[in-house]
Structure formats: structure tokens, C-alpha cells
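**Q** Chains as they are written, first to last, in this note's numbering: chain C, 115 to 563; chain Z, 115 to 563; chain L, 179 to 691; chain V, 179 to 691.
Here a beta-carbon is modelled for each residue, glycine too, at the ideal position from N, C-alpha and C.
Treat the numbers as computed from the prediction; the structure is a model and nothing was measured.
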Amino acid sequence: MPDYIPHTEAETAEMLSFIGLSSLDELFDAVPAALRLAGGLDLPGGLSEPDTSAEMGRLAGANAAADLICFAGAGAYDHEIPAAVRSLASRSEFVTAYTPYQPEVAQGVLQALFEYQTLISRIAGVPVANASLYDGASACVEAVNLAVAATRRETVWVSQGVHPNWRAVMRTFAAGTGHDLVEIPLIDGVTAWPGGDIGANTTSGEEPAAVLLQYPNYLGCLEDVEAAVATARRRGALVLVAFDPVAAGLLRTPGSYGADVVVGEGQPFGTPMSFGGPYLGLFACTMEHVRRLPGRLVGETLDTEGRRAYVTTLRTREQDIRREKASSNVCTNQTLIAVTCAIQLAWLGTSGLRELALRCARGTRYAREALLAIDGVEPLVSAPVLREFAVRLPVAADVVVERLAEEGFLAGAPLAGEEYGDGLLVAVTERRTRAQIDDYVAAFEKAVR
Amino acid sequence: MPDYIPHTEAETAEMLSFIGLSSLDELFDAVPAALRLAGGLDLPGGLSEPDTSAEMGRLAGANAAADLICFAGAGAYDHEIPAAVRSLASRSEFVTAYTPYQPEVAQGVLQALFEYQTLISRIAGVPVANASLYDGASACVEAVNLAVAATRRETVWVSQGVHPNWRAVMRTFAAGTGHDLVEIPLIDGVTAWPGGDIGANTTSGEEPAAVLLQYPNYLGCLEDVEAAVATARRRGALVLVAFDPVAAGLLRTPGSYGADVVVGEGQPFGTPMSFGGPYLGLFACTMEHVRRLPGRLVGETLDTEGRRAYVTTLRTREQDIRREKASSNVCTNQTLIAVTCAIQLAWLGTSGLRELALRCARGTRYAREALLAIDGVEPLVSAPVLREFAVRLPVAADVVVERLAEEGFLAGAPLAGEEYGDGLLVAVTERRTRAQIDDYVAAFEKAVR
Amino acid sequence: MTPDTLRPGGPIAHGAPGGRASSAPVVGRDTEPTIFELSAPGRTAWSFRTTEVPEWSADELVPAAHLHEGELGVTEISERDLVGHFTRLTHRQYSVDLGAYPLGSCTMKYNPKLCDEAAGLPGLANAHPTAPAALTQGWLALLGDLADRLCRITGMHSATLQPPAGAAGELTGLLLMRAWHADKGRPRTKVIIPDSAHGTNPASVTLGGYETITVPSDARGCVDVAALRERLDDDVAGIMLTNPNTLGLFEEDIAEIAAAVHEVGGLLYYDGANLNAILGVTRPGDMGFDIVHMNLHKTFAVPHGGGGPGAGPVAVSERLAPYLPGPRPVQGADGQWSWETPERSIGRVHSWHGNALALARAYSYILATGGDGLAHVAQAAVLNANWLRHRLRGVYDLPYDRPNMHEFVASTAGLKRRHGLKAVDVAKRLLEEGFHAPTVYFPLIVEEALMIEPTETESPQTMEALAAALERIAVEAADGGGVAATAPRSTPVARVDEARAARRLIPTWDARD
Amino acid sequence: MTPDTLRPGGPIAHGAPGGRASSAPVVGRDTEPTIFELSAPGRTAWSFRTTEVPEWSADELVPAAHLHEGELGVTEISERDLVGHFTRLTHRQYSVDLGAYPLGSCTMKYNPKLCDEAAGLPGLANAHPTAPAALTQGWLALLGDLADRLCRITGMHSATLQPPAGAAGELTGLLLMRAWHADKGRPRTKVIIPDSAHGTNPASVTLGGYETITVPSDARGCVDVAALRERLDDDVAGIMLTNPNTLGLFEEDIAEIAAAVHEVGGLLYYDGANLNAILGVTRPGDMGFDIVHMNLHKTFAVPHGGGGPGAGPVAVSERLAPYLPGPRPVQGADGQWSWETPERSIGRVHSWHGNALALARAYSYILATGGDGLAHVAQAAVLNANWLRHRLRGVYDLPYDRPNMHEFVASTAGLKRRHGLKAVDVAKRLLEEGFHAPTVYFPLIVEEALMIEPTETESPQTMEALAAALERIAVEAADGGGVAATAPRSTPVARVDEARAARRLIPTWDARD
Ligand SMILES: Cc1ncc(COP(=O)(O)O)c(C=O)c1O
Ligand SMILES: Cc1ncc(COP(=O)(O)O)c(C=O)c1O
């Protein structure tokens, strides 16, 4: 049992005697006897390191999904992670540091975060980005909180094109903040923002603090961002855009459309699918809102000798200083994933990001055309897509997923019926070869027969 | 095609123009036209990184042996490598440094080697160890060269208990040095050193420069080191012992028997079986021979400010200074494997090394008794063994290996018939569980039927 | 010194030096250029596989109105420079793997490399979160068993693994409280926290829709029970406590507190940041807590990653189980695992199933450590902290100089008055001595606080060296000279101007003028 | 400063501080204790699996006479301290991943991380070397194809992959020479090498049983062909050359040299240390060489590991193929690979099949780079080196200031005479500038030599920064002050006393007094 504790028995005895105790038990004299756990924890004894590895290997081996050729997306993508990124991001200085509270010995993490912020700000098209939030969902929640605080309005219009899980999380947290989240439905894959009177659209009858949309949206469709911006501007609301940072290789930046806050899921840059976490909440905004920014922000400054240095800044927004009036409660964030994201984005670089998006779009076009050529497979909606698309099937989606798993493919992510109608969401990344797609389509054809 | 060259076309042009050239071709004007390779290398174009990984994965996947539960040893052992050792030994500072020519920026490698030398010296039982040689074989070759130089005699008596491949390498190199290697046969697993007149034993009729034996020997047997030492002393020869550093956890050190030079294969400490390399040549000796030591040696010293520092020392032995009179031609050695060995040995520590040897010995006893209980499986020799043993089989050894592979086991290393008689060499490491051994024995029983 | 700008001597028009290591402390103290300075037009590192997919152009694939105009500048760097840059950055970074990190409240223990490898297994890392349960039985079993073990450790009934950090766990817990009270027909409005509480507590209270009511600590550093009673009424939804509290002291009156809060219908929330102190000794459930969050990145050896990711599971007593977020892994009678959302669930609190790979790391740590091992962890952690407090007696002020748990709070208040030595100066000076600084100026109720948590993985020798270093700093201050006030000098940068950063905000490379 | 010995203030009697990072240059410049100083009696890190094998005692397993008496002291350290110690050591170490490494003759290029991963694949790393060919077809195919590709690159017929490094390759080559001549009935006695040759060449010649005959270089830095002819007779077994030679100059008379050597029945040996310069441009085989070794740890991106392991395959022309070491992988008509030992093989030169995982790394590099990529490598390497020579004109002496290949040799001879600047001082001072030093005092024929090999993976910006740093050092010297003579000062230790190390030999911790 490796408990990783260095103390030998002799040393323990020596230390105890120094503090005037004669047993380890006495260390816990402050714990009332009635609360003391008799008989210790009801847990098995520790395993040796090799036995632990074996058990972890057994569990890992019981996930057939991990071996499938992946056509599922829905917010979690199977992108290439180069060896250089894996190697750098696993350097123990990045992995085993705490939050950079002592900047003099944390320039490594701080500069990496400063570069991350710059990279995210560039691809989001707005001038400031924070040092990460938990995931796409929490970034949406924080964007809503920021908009509510900025406008002092309580209602937010949320497109149903936003990831259903993210909306679920927003609803959960709205129970605490009391914000009114009004969902705006899609028509044929694109959000139908209400044009006229708002009364009918909200419970409160209030103008919205913000509109939130995803671009491309959950169904893979290219939203009409200009229409959303126009809607928001007309109502004095902020524009919150959840973007796909991979799609940003080709698409206009949210900032260029006029977004006030840009959020997203950063997993595609360097993080494996990991059964859903840890992922990376991207959060960027205009300078106007920087003092309401949730989470940590790194800024450039100087040291006492005039050298360039980095430090977390505008700390008065944060929970440890402002406490109940903080802009957010976030403390531990996803720094290592942000650093990984920065490394991967730098590895991609200007041309690689574009190439990545292009390759995803090409694979998507190729797979989509082939799938739609199958009898009974129909497009769910007709709006243009980039790197993901939804199809309606003659067979239940989860049955298709099950059948394709037997052929070695993860067919896609089944759509929850209520909102979008039954169907399957299919994503094609740059990792998918033509041969893989052809085999997938052939298997698909058999599966829907 | 990732050629890892940073130069952009514009930069290349700029650089060319600075040196007054207008094409890359002109850089090679010194190469006579007749020697220029027309049409470039006859090699396929480069692959992308993912395609390269896929191809390497394909080749790696075509080695069924790597998935077998390993009962083969014969100088290459399947020991546990803990995550901590793997992680430390793969730190890029260790991996991507050159030989420590500038000690001021190489204290990391130098100190690690100094610690390695200390550790090897401790388990070998002699006061000095070098910073590594290529492998067990090259360490034997260098030991012989040292003995010849020290004694100015040309003949070395080599026990046939020494690994046959190592003896083969010694023979190869003896063709250059002209040394006379006299092989001394085993009787029932233990070297039968000639007692009387030496005339009959060597072509030259000369007294030997040294005797070389392996402890435990190739067949796993505990040699009578005292007899070897007595033989050598009587003849004014040096004692060269090839030891098993794992067995050293239980056995007397070669130094305690009176060895002058101790060599060995360091693979068991932290290096995977790796299809045979890179491994680690251990080399240690008494102080008397330090100026004839082959390869690099790190010593402690001070810097100009009086701080403890390490540096390669006694450099005048080496090829770059002494050239044709150098004690050896070795330059690049196996530093990273030596550093890995030091980390693993420190991880084992005093009690762990003993425990490791004990566990190997226990598994060996258990497996040996069970195998010998099978009808027709006989001990090849009767001398006591520690962590490896040889058996005579009713079926050809390679057939047994083939059959057991189908059951998921690497049965052992077949013995080359000429010297030892047909048989199989079986090793059991601390990684083998009782259940694995039981299954192996059951499969074995079927295989020899 | 910023790096040389390129001299005109050579022809190279663009960019900063790439392969130069002068910012790596092994050779120098220069500034490391940003990846934007290292960028050169046209340089690349990327490499994608050959797919044979038709090479449609962007115009053919995307409607013109959506296409980015011109080039979206990222950066342009070679793999070699990428590796050089980030490797140099790691040499400018302190970490647990380099040395002791006695940062109070953060439990910066050594994280076994074993757990890194476990979390990197392809069978875990390559599983898509939407893959059906039948194809991810290993993951569901791991998560299910982890939840179960965490419940055994905390003495609770059921747990959610979704919250990705402690603060997220807090908010989840408060929403559970809210749902519970709402179901009881009365949402209530107030949550009580002690004045020694961590900042995330009040911030979460606000986000949970409650008002924060502060209860003072008494002279012994514990919740003032009388003051607490004054604040209790049937508008109180609950109380959030850390036990041991942020002073490292065990709240001995916890049973009484629990009874009083329960009496007015309130719930008790346990902030598990300090759980390391009591593993195997006592359990929040035994103390009367209804809701517990754990910081797996403190107690269960998930490395901090420079600020995350962590994992903040929340465990609850039986009556609150129906409110937990979902879906959760449940095992059927046939041994098969499936997802199930509790009946009255407050809903999701994470995009997927929480920080799964971090959970896997913690699971592997718990497997390896086992029940006895965890008890040993608490013992050694508390032993180290008490030894160090004793050792520093007479050196620093010890405002609460009585048996502590896994950490204790010292103060430079006296040294500041006498010699001008501030807590921040001790922190900076300690860096030069080869130790990370303690947490400073927290908890807020201690003047010039130094909050010291050695953890169990540091040896007695390290304890002594740390004590000697802290002592040296105090002695220097008494000797005069103000060395500490100008520390650190041996670090890659000297003391950083935090005020300037806020005053002249430069949050990105592009914001520089 | 050595670390604090423990103060009596605490009770800790034994050992040096474990968790203290004061030797990590990110915080300090202290001495890092050895693992022996960090050792404490009874402390452990090891962990073995549960096997259920009967627990016989040592006495039951080993005859008493063989058992070690008492305890074999290794060291006693926790995993935490082990990780801290070796992580700190890495912070005291320069490496390619930190910055440029223009060490002449060493080809310290960037080693792609891709190749690390390839060599770590379990299917490669876990194969036992005695496993039958049928179960290791992937390995045999890899080795067979690598040998084939190396032959195409060098223009040779067949290769052995057994030699584990360049020097081992040299000796293998010399033994091939010996076997060839022996078969011709006349072993011969002499091998010619130029005075600019690397030290391993003469050392190998001796071990090959030959006498070294040195041929001088001419004024242009190349083999003096007339002098060579004088030395040629039918006792000459062969000649060993590096081309480009160690001055970085291409031996333009190589065809003439080859003809002359062949005329007396000698063989030509190609020392492939400088192969990087000519990849895809010309091939040793085309030049007339009979035997070629390659340093895969130079040309083919096997990282140097602080001094090894490398790999030194030897390729030969058709007539020497029957003498190659064996066994070698050969592919049958059925596509199956098997092991075969050439007819007149000189025998084994390695315990097994050579440094297999290093070979796998090189193979993955060659796969990824391809034929065109390798030609590009040579071009960029030669471009960088020529650019830098031009750039340093007038700054340092350039004894052979004409078009060079992948490296060139500068000299401080003039600066030394005028200002006392020695090559070693430039080397030490350059460390402070964030660059590894060039190779100094080699080749021996150049006074105060600085042998500079930038490699192709360093950018033009790095070239300029390196040039500017070298220029700065020369200017400083001219300005007087002798800064360089006391350099380096910014490194973990200052200039190291090499003479003392040899005078007062301390080769192990136990040898200290
Ligand atoms: C006492 C206490 N509570 C809560 C938290 C918040 O946890 P997290 O950072 O995981 O969100 C911390 C973290 O430092 C803490 O120390
Ligand atoms: C020119 C030359 N020849 C031979 C060698 C020896 O090669 P190795 O160190 O691989 O034994 C070297 C290595 O530095 C070299 O530079």
C-alpha cells in the first residue's frame, strides 16, 4: 500500500515527543469522542501500484466506445493531438503548480495564460479573454450573469440552437440567480428571433438583458448572427455568442458580428474526449465589460527591476476579495486545459487553424452527401452546416448507434426527441479518412435497412 | 511532411542573398558534379505526423510477443517500471542534452551520473564505477581489455556460464585485439576451472590475464565465485565478474568475493525489454584500475565560488585526448539508461532491492517446482539457482515456445544445443502472480505432451 | 532586460530569437518572448493525416457571408520554437515536483505519478461522452464506485460527481438546499457563514439566491455559538462550515451547532477543503452535515494544474439524495450500469459527467491508498502541522496557539510592529529559501496571517528546513536591514508590480501600446 | 553554499532537507543534495504487486554461503523526495528543448516528440529479444526496412543495425576490413586517418588491431593528397574519412583519394558523423566508400540522452556484405521475415539486435521526413552554417574562410593574442547569453578552435541572436575587462575546477572523506 507518506516510525515518534504527545491518536483529541469513527473507514485496504494500474486498466478496457472510429460530436470532438502538445502540456511544472499566487515563481503559468488569453481574444474577435472557466456550459452561465449585471435586466433570450446540456445547466443555476431564461425556437435549423412585441415571449414581459446563440449551433447550422445582433441592438440587449473555436478557422469571428461576450468549449484544442471532462470554458468580451469578467485574468506588468512580468489582475472582481459581491464564485478553474489549448493553437497557427476547419468541413460535406444518398436518411433541417449535421433516420437513432458500434463506429450523437425531432447528429473531424467515411456509410446503410 | 525546418521561403532567400548565393543548390558547389545525386534519394516522400504514428502503430501491433506474459529472461527481464521512474527519466532535459561537455549547465546529468556511479559501486561492492557502457557484452569486452592492459598477458579464461551472446561479441572484438579467449566449460551448471598445468588450456600456453565468470550464470546457477577467485589468485590473474544487479539484492557482492572488475547488464532497472536495446553496460572496478577505466567517469569537485560541482574526470584516458592510446574507443555511451537505472535503484532503495530479489527467487522456486513436477520435464543441471533455471524437455524448446505463445505466454528462451544441451531457460520476475504461474504451468503441461 | 532586438548586421528582418534560452534560469534571467514575438510569417508546425477526402475550397463549403475575411492571425511558429518556448516557461515555474508548497487551505501534497498514468489510459481518455452506457461500462463503474467510496469517506448517502471544482460544488449544494426548502414550501432567504470562511462561500451564497449572514469567531478561533444562536431563525436556509476551519482548528462544538441549525429547519453544508485533516478520524456525516463537497484536487491528489482542473463532488444525506444533479451512474441487479436522473433533481451542473479524468485520477489514488492509508494521511498531515507550530513558537506570533489539525495560522503582526516585517515579505523571502510561500492574509480575521499547511507528503527533514528558513527570516528582520522587503531577488523576476497591472491593464499581447 | 545542516532546534536527527527547492535555479543557486544525503533509515518508495506466491525466506531460497551479510545499502528515499530531487536536477541541465545547441560535430537538432511516442509504443517496448521471429514480425520488418532505407541514403548495399554508437560502428567497420583482407590472404597492418579526425577513429584503429598512420591536412583544410599517396602501400588496410570533414569542408578530391586507396587494395571507411550535410546531395557509396557508419543520434533525430544511447549502423558495399555481423532480418519470398547470419560474418557486435528503440525512433523520423525532406534538412543545415560564417567574418578568425557544409570552425587565436580571449572563455560566456557552447579545441589542427554546427532546426532569428551574442563577446574582449574569463556567473555553478576533480578524485559519494 503506497500511501506516499515519508515518515518512518522512528521519526513519527520523535515528532510526537517534540510536541509532547505519545500517540498519533492524541493528535485528534479536539475531535469529540462521540464523533470519532470507530473501526476506521469502511473501505478496502490499499492496493500496490501495479495492482492499482491493473484495476484501472481493467476499467479502461471495459469502454468499448474508446476503440470506435468516432463520428460523434455534439460538443466533444475527436481531433488530432500532436505529440509535441501532449509532451509540453504534461510537464510537471504546469501540472503540479497551484494557482499563480506568487507571480515571481509562477511566470511560466502566467505567461502561458497571457498567451492563451491573447489567442482566444484573437479567434473570438473581442479584445479580452479570461484565464478559463469550467466548460462550455459554465461559460454560458457566466455570460448570462454578466449580461444581467451589466443591464440590470433579468431576462435572457436563449436560442434553442444552444447545446441542450448547456441550457440545462443554465436552467439549474438560474434557480439560484432567479434569471428568466426564455428559449427561442429554431425554424429549419436557425433561430427565429421574435420580431415584434416582447410581451408574449417572456414571463416577466421585460426586454431581455441579452440574446444568446451558438454559432454554428448544436445542429451544426450556421446561425444568422446578424439577425441576432439586430434583435439585440433593437432591444438594448447584449449579444452573447457561443462559438466553435475550430469553426473559427473559416467563419467570421463573433466579435466581427458585434458580439459583446463570446463563450465556447475549448476541448477541441488539445484535450481528448475524456468522457466529457475536464474541458475548457472559453470566455471573452469587449473591454467595456472587463470589470465584470468572471474568473481570473492575467495582465502584463513590470517587476521592481523593470523586467516584463505577468500577474493575475483586476483581482477585486474575485471572490476571495469581494466575497458575496464578487462577479463570480469561480476559484479553481481549468488552467492546465487552457495552457494545453494555447500550445495546441500555437502549433496549429494561422494557417493550421484554417486548414483544420477546412478539413473538417470537407469531411463533413463528403460524409453528409453519402449518408443522404441512403434511402430513408433525410436532412433534419436545411440550413447550411460546417462540420456537423443532423439527419432523420428510418430507424431509432440509438439503434443505429448500437448497430454501428458492432461495426467499429461511433455513429453519432442521438438527438433528444422533444426539441429537434428524432435524429442523429454526425460530426466529421480532420482525423477521418475517406476510407473510414466510406466504410462508415456502408455500415450505416446496412444499419438503417 | 513535417521536416521540422523553420525557414520560410522568404527567409531562405534572404539568407542566400546575404551569403551571395542565389539558390540552395549552390550551397553544394564543393561537391563535384560527378558525385551529385541526380533525382534525389530513392525513398518515399515524407508522411504526416498522424500517418507516421499510424504506420509505427501498425508495426508495433505486429509483435504478438509484446502481449505475452513473459517467462523469458536470458539477460533481458520483465520487471516492473513504476510511473515515477518513467516520468522522471523522460524529462526532456535528460533526454535532449548532449554529453556534459559544459559542466556549468550540465549539473543535472552529471550529478545523476555521480549518483549512478555510487549506486553501482555499492551493489557491485567495488569502489568505482564508470558512467555506463553499451550493454552487458561490451562491458565484458572492456573488462577483458582492461585485464590485458593491466597484466600485459594476452589470454583470458572465460566461463561458458557467461551469456553466449556476450561471449560471441567478445570473440568478434578479440579478432581485432588479438586476445586469446579460452572458454572454460561448466560441469553440472558450475564452471570447472582447470586446476593444474595451464598448457593444455590455452593455445599460447600462457597464464591468463583474467578469469571471467557470470554470477548467477546464464543457466541461472550460483557459481562458486570463491573457486574462481582462488584460481585467479593462484595464477596472478584478475577476477572479472559479470553480475546480475537484481540478484545483488540477496547475493554477496562480487567485490566481497574479491572481484577486480565487475560488469553486468543494467536493463532490469527501469528499462523495458525493448527487443534488446538500448540496454546498459555496468562497469565497476577497484581503485587500482581507475586509470584504465573505459568510458566516462564523473567526479565531484568545486566551482570557482567553492560550491560543490560535478564534472567528467580522468579525461586523459579517453579517446578524444589520448586518441590511439586511449583505454577504450567509447564516446557516446548509454547515459539516459544509466540515469534511468539510478532513478529506479533509488526508488527500490535498500529494502526494495532485497525485496525484488526475494520475490524473483520465490516465483522462480514456485514455477520451477511446478514445472519439474510435469512428466518429462527435467532439470538441465543440478546447481542451485536464484531467479532463472534451465529445464530439459521431451519436446523441442522452440516448439514449446510456439505452443505456449498461443496460450498467451512467452515460455522462455530456448537454449542453443551445442553448449548446454537442448532445453529451455525460464525466468520468473516479481511481476508474475501465482495465478499466472499456475496457468503457465498448466499450458506447459499440455504443450510438452 | 528584454531580449535583443535583431541587429541589422544580419539580413533577418523579422522576429525575436527562437532558440535562445536566456530566459531559462539555468542560464539567465532575461524575459521570455511571447509566442507572438517568436512568430514569423509563413512558419508552420501543423501536420494532418492524409485523408483522400475531396479538397473542396472554402468558397464551395461555406456561404460567402459567413467566411472570415482576410487572415485570422493566430501565431506562426515552428514546432522547435514551440517546444523551446514552453519548456523555458516551465523552467520559470515553481511546482510541487520541485519542492515543498505549504500553501494553507490548498493541500499541495505530492501527486503520485501512478495517477497521471491511470488518467492517461486510452480506454478512459478516448471515450466520447455521448457514447451509450453499454459501451462505457468501465467508466460508469469507475464513477459509480468513486461516488460510493466518497460517501463512505464522508459518511453520506449519495453523491454527484458533476461539479468541476469546490466553488461549483458549493453552488450545487446551495441549490440542493434551495430545492429542499422549496419542496418544504418555504425557500428561506439567509445562509450563515463564519467570518473565517473562504471567499467562495459568500460568493456562492449570492449565486444561490441567498443573503450571506456572517457569524463571528470566538476568542478560540471557532464559531461563536452564542452569536450563531442569535442569528438562527426560520429564515435561515442553512450554514456553511469548514471543519477543521480555515484556522486549522476543529470546531469542537459542531454537534451543538448542528443541533441548533437543524432545530430551526436549516441544513448544514460542509466545505470539504480541509477534509485531509480528518480522513478516517471522523466524518462530516457523523457531525451532522447534510451536504458535503470535496475538493479532489486537494485531498485526493489530483494535481492542481496551475489553477485547475479540479473536481468538486457533492455528497448528501439520504433525504437530499432525490435532489442531486443527474444523470448519475447506477448499477442494476444484473450488474449492468446505466444512467439515471434522481426524481426531484435540480438538473445538470456540468456539460457532461464532471471532470471525468480528474475523477479517474482521484479514484486511482483512493484505490492505492485504501482505508487505512487515508487514515495515515490525516495523521501525518496533522503531525507535520503541529510539529511545525511548536517549532515556530517564539519565532512568529501564533494567535491560536493550541492543538491544530492539518494547518495553522501564524502572524507577523508583532514582527511588523517591531521590525516592519509583513506577511507578504515573509512570503517573498521564503521563495529565495527554496520553499513556496504559505497562504498570506487569509483568513481575514488574522492580522498579517501566514496560513501554513505542510501536508503529509513532506518529510520531517523538510519540516525542519522550512522551520529553519522561517526562523532565519524572522531573525534577519530583528537584525534590521529589511532584506525581506526587497525579496525575492533570486527568482526569474523580482517583486512584481501588481498595482501597475491593474492600473495600466494589458490583458493580451494585442492590448500593448 | 551547501544546504543547511539540520539545526538542533527541532528533533529531527537525520538527513538533509527533502522538499526544499533551493537548488532549482527558478529560486536559488544552492547545491542539490545527493540522494544519499536525502536518505533516511527505513524510508521507502517501492511497491510491488500482490502475487500470492509462497513467501519463502531468503534462507530457504539461497545457500547460506551466497547470501549477502548484513544490509546492502542503496539509499532510502520517499517517492516524493525522489521526484523532487530528479526534477530539480533537470532544472540544472541545459538541453536542446531549452535552446540552441551549436555543438560542432554533434548535430544537436530538435528531436520531434512524435519519435519519442513512436519508440514508447508497448508493441515495440515490451518485446523480448529472444522471442521468435514469428511473434516479432513488426520489429523485423521495421529493422529490415530501416537498414534498406539507410542503404539508399548512403548508397550502400547492406547494413547491420547492431552497433550501438558511432565508435562501435567504427570498430565494426575496421573488423570488416580486417576480415576482408584476411580472406584476401593478407591482413595488412595500417589504417590512415587525417590529422583532423575525431578521437574515436584512432582509438578504434588500435582496437581493430591496426596501426594509425596520420595524414596531414593541406592549407585548404582537406586531406593532403600528395602526402596521402606517400603513405599508401600494400600494407595499408584502408583509410577513415569524414566527409565533410571535421572542419565542415567537403573533401573535393574524394574521387581521387578513393581511387588511390583502392589502387593499393585498401578500403575506404566513411565516418558518418557529418552525414547531415549531404543528405540527398551525394552519397558515400557514390564517392567510393566501402564501409559507412551513421550516427542515428546525430543525423536521424535520436535524442542524445545526455550522452547516449545512440545507434551506429554500418552499411557496406556488396563485396563486404557477406562479412556483416548477424543475425540480420531478411524477408522471404512469402513476405515473412526471419533472422539470418551472413555467410562469412565477423560475428555479433551487440548483446542483441542493437539499440532497437533508438532505431525505431530514427525509423519514425525517416518515415516522417521522407526523401525530399532529408534533402531539405541538408540544405537548411548548410545554409545556416554558411550564413553564420559570413555573419561572423571580421569578428572571429576564420582559418578556412570558404564555403563550408553543415558546420565551420572559427578561432579566437587572434583575439587571444590581442585581448587574451580563449576559446574556452567564449564557450563559458556564451552560456550566459542563453546558448550552449560550440565544440572547443577540436579539431586539433586549429588553434583555439570554435567548431560551430547550428543544425537545420534553428531559425534564422536564432542564427542572428547567436551571431549577435558571439559578436558581443568579442567586442567585450576588445573593450578589455576580461568578463569572459570569469564566466559563467548566471549558471547553477560557476566555472568548474576540472583539474581539482582529477587531482583529488571523488568518483562516488562513498569516496568522499
Ligand atoms: C476553504 C476553501 N473553500 C472553498 C475553496 C474553493 O474550492 P475551488 O478552488 O476548488 O473552487 C477553497 C479553495 O481554495 C478553499 O480553500
Ligand atoms: C566525427 C565523429 N566521429 C565519430 C564520433 C563518435 O560517435 P559516437 O559518439 O556515437 O560513438 C563522433 C561523435 O561525436 C564524431 O563527431
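Have a look at C/A197, C/R150 and C/A186 and flag the residue whose alpha-carbon is nearest the alpha-carbon of C/G384.
**A** When only C-alpha atoms are compared, the closest one is C/A197.
**Q** With H, G and I counted as helix, E and B as strand and the rest as coil, what does DSSP make of Z/C335?
**A** Here Z/C335 sits in strand by DSSP.
**Q** Any heavy atom of ligand 1 within a distance shorter than 7 Å of the CB on L/S283?
**A** yes
**Q** What is the DSSP secondary structure of L/T332, counted as helix, strand or coil?
**A** helix
**Q** How close, in whole Å, do the beta carbons of C/L336 and L/P380 come, if the pair is a contact with beta carbons under 8 Å?
**A** A Cβ-Cβ distance of about 42 Å is found for the pair C/L336 and L/P380, leaving them out of contact under the 8 Å criterion.
**Q** Examine chain V for any beta-carbon lying closer than 8 Å to the beta-carbon of C/A124, and answer yes or no.
**A** yes
**Q** Do L/H376 and ligand 1 come close, with the Cβ less than 7 Å from some heavy atom?
**A** yes
**Q** Is any beta-carbon of chain L found at less than 8 Å from that of Z/D417?
**A** no
**Q** Would you say C/R548 faces chain L, with C-beta separation under 8 Å as the test?
**A** yes
**Q** In angstroms with no decimal places, state the Cα-to-Cα distance between L/D691 and L/R681.
**A** 14 Å
**Q** In this structure, how does DSSP classify C/G134 when only helix, strand and coil are distinguished?
**A** coil
**Q** Compute the minimum distance between the beta carbon of V/T332 and the heavy atoms of ligand 2, and state whether it is under 7 Å.
**A** no
**Q** Is L/L299 near C/V219, with beta carbons less than 8 Å apart?
**A** no
**Q** Quick check: is the beta carbon of L/E631 nearer than 8 Å to any beta carbon in chain V?
**A** Chain V places no beta carbon closer than 8 Å to that of L/E631, leaving this residue out of the contacts.
**Q** Kindly give me the distance between the Cβ atoms of Z/A398 and Z/V276, rounded to whole angstroms, as I take these residues to be in contact under 8 Å.
**A** Not a contact, Cβ separation roughly 17 Å.
**Q** Quick one: list the residues of chain V neighbouring Z/F503, beta-carbon separation under 8 Å, in chain order.
**A** Within chain V, no residue comes near Z/F503; the closest Cβ sits about 12 Å away, beyond 8 Å.
**Q** For L/S589, which three-state DSSP category applies?
**A** Note: L/S589 maps to strand in three-state DSSP.
**Q** Between which two residues does the beta strand (DSSP E) harbouring L/H471 extend?
**A** I469 to M472
**Q** Mind pulling the chain C residues with CB within less than 9 Å of V/G220?
**A** T122, E123, A124 and E125
**Q** Can you tell me whether Z/W567 is helix, strand or coil according to DSSP?
**A** It is not possible to answer for residue 567 of chain Z, since the shown part of chain Z is limited to 115 through 563.
**Q** Please confirm whether C/P196 has its beta-carbon closer than 8 Å to some beta-carbon of chain Z.
**A** Chain Z has a Cβ within less than 8 Å of the Cβ of C/P196.
**Q** Alpha carbon to alpha carbon, how far is Z/D165 from V/I331?
**A** Going by the C-alpha atoms only, they are around 22 Å apart.
**Q** V/G485 CB to nearest chain L CB: under 8 Å?
**A** The C-beta of V/G485 comes no closer than 8 Å to any C-beta of chain L.
**Q** Please state whether DSSP places L/W575 in a helix, a strand or coil.
**A** The sequence shown places Asp at residue 575 of chain L, rather than the Trp named in the question. The answer is strand: DSSP assigns L/D575 an E or B state.
**Q** In the DSSP output, what is Z/E268 paired with across the bridge?
**A** Z/E268 pairs with nothing; no bridge assigned.
**Q** Following a CB-centred definition, is V/G344 positioned closer than 7 Å to any heavy atom of ligand 2?
**A** yes
**Q** What residues in the region 167-191 of chain C bring their beta carbon closer than 9 Å to a beta carbon of chain Z?
**A** S167
**Q** State yes or no: is the C-beta of Z/T291 nearer than 7 Å to some heavy atom of ligand 2?
**A** no
**Q** Could you tell me which chain Z residues have their CB closer than 8 Å to the CB of C/P386, listed as they occur along the chain?
**A** In chain order: nothing, as chain Z lies at least about 14 Å away.
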